[in-house]
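**Q** Count the sequence shown with my numbering and you get residues 93 to 285, in order.
Quick reminder that beta carbons are idealized off the backbone N, C-alpha and C, glycines included.
Take this structure, written in structure tokens, and hold onto it; I'll ask about it next.
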Amino acid sequence: DGDCYGEGGNHLMHAMRRNINVKLFVHDNQIYGLTKGQASPTSMEGMVTKNQPFGVFSEQLNPMALAVALDCSFAARGFAGDGEHLKGLIKEAINHKGFALLDILQPCVTFNKINTYEWYRQRVYRIEPEYNPEDRIEAFKKALEWGDKIPIGIIYRNNRLTFEERMPVIKDAPLVKQPFELSKLETTLKEFY
93 DGDCYGEGGN
103 HLMHAMRRNI
113 NVKLFVHDNQ
123 IYGLTKGQAS
133 PTSMEGMVTK
143 NQPFGVFSEQ
153 LNPMALAVAL
163 DCSFAARGFA
173 GDGEHLKGLI
183 KEAINHKGFA
193 LLDILQPCVT
203 FNKINTYEWY
213 RQRVYRIEPE
223 YNPEDRIEAF
233 KKALEWGDKI
243 PIGIIYRNNR
253 LTFEERMPVI
263 KDAPLVKQPF
273 ELSKLETTLK
283 EFY
């Protein structure tokens, strides 16, 4: 969560917007666990950490609402404590054509004493089968659910053109796998001098 939503936030937003064919599985433990318990973008407001002794002053980032706002073509949330359900979400994300964000709620048992497995088990629920993830308005509503009830499942899906489909030169293969023709390069270079 810290690396993707904090340090990598700029790249994340544009990857979603462009709809590049990448699958991103975020281990969201709501804290910087590897750097000894600093607050992350998804840490709850008021949470006391080693470097926020008076509590986190910023509002908590909502990755699902951000994904829906940016028209991410696949946005889902899973819970590490529900392995069977999470496995299904991982398969769905992998099979999705375009950018897929899977936010995995995964407690940090060392540094986050608030968002524990028990805390999540009391709140998470599987999204109802009749829910339509292609309805963007309903997806926003579902994405904004947090607190006493936290939905897990596919929040939003929009099967739109991928970045690769919009770029004819890379539609069939990435540039690195295409044959290189020196004569074409020389012709192009001559246009500039």
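Is the beta carbon of Q122 less than 7 Å from the beta carbon of N204?
**A** Here the question's residue 122 lines up with position 30 in the sequence shown. Here the question's residue 204 lines up with position 112 in the sequence shown. Contact flag set, yes.
**Q** Under a three-way DSSP split, which group does D95 fall into?
**A** Residue 95 sits at position 3 when you count from the first residue of the sequence shown. In the structure shown, D95 sits in a helix (DSSP, three-state: H, G or I).
**Q** Please report how far the alpha carbon of A231 lies from the alpha carbon of N207, in whole angstroms.
**A** Mapped onto the sequence shown, residue 231 falls at position 139. Mapped onto the sequence shown, residue 207 falls at position 115. The alpha-carbon atoms of A231 and N207 are separated by roughly 24 Å.
**Q** Between V201, G180 and E220, which has its C-alpha nearest D120's C-alpha?
**A** Numbered from 1 along the sequence shown, position 28 holds the residue referred to as residue 120. Among V201, G180 and E220, the Cα nearest to that of D120 is on V201.
**Q** Helix, strand or coil for F203, going by three-state DSSP, please let me know.
**A** As a position in the sequence shown, residue 203 is number 111, starting the count at 1. F203 falls in the coil class under three-state DSSP.
**Q** So, helix, strand or coil for R252, using DSSP?
**A** Here residue 252 is taken as the residue at index 160 of the sequence shown, counted from 1. In the structure shown, R252 sits in coil (DSSP, three-state: anything other than H, G, I, E or B).
**Q** Identify whether K183 lies in helix, strand or coil by the three-state DSSP scheme.
**A** For the purposes of this step, residue 183 is taken as the residue at position 91 of the sequence shown. Note: K183 maps to helix in three-state DSSP.
**Q** Restricting to Cα atoms, I'd like to know which of W238, L194, E210 and R218 is closest to C164.
**A** Counted from its first residue, the sequence shown places residue 164 at position 72. Minimum Cα distance to C164 is reached at L194.
**Q** I'd like to know whether the C-beta of T141 is nearer than 7 Å to at least one C-beta of chain B.
**A** No chain B appears in the structure shown, which is made up of a single protein chain.
**Q** Considering only C-alpha positions, which residue in the set T254, A157 and E176 is nearest to A167?
**A** Sequence index remark: in the sequence shown, residue 167 carries index 75 (1-based). Out of T254, A157 and E176, A157 has the C-alpha closest to the C-alpha of A167.
**Q** Curious, which full-length beta strand (DSSP E) runs of at least 3 residues does the region 93 to 158 contain?
**A** Taking only runs of at least 3 residues, the beta strand (DSSP E) segments lying wholly in the region 93 to 158 are 115 to 120.
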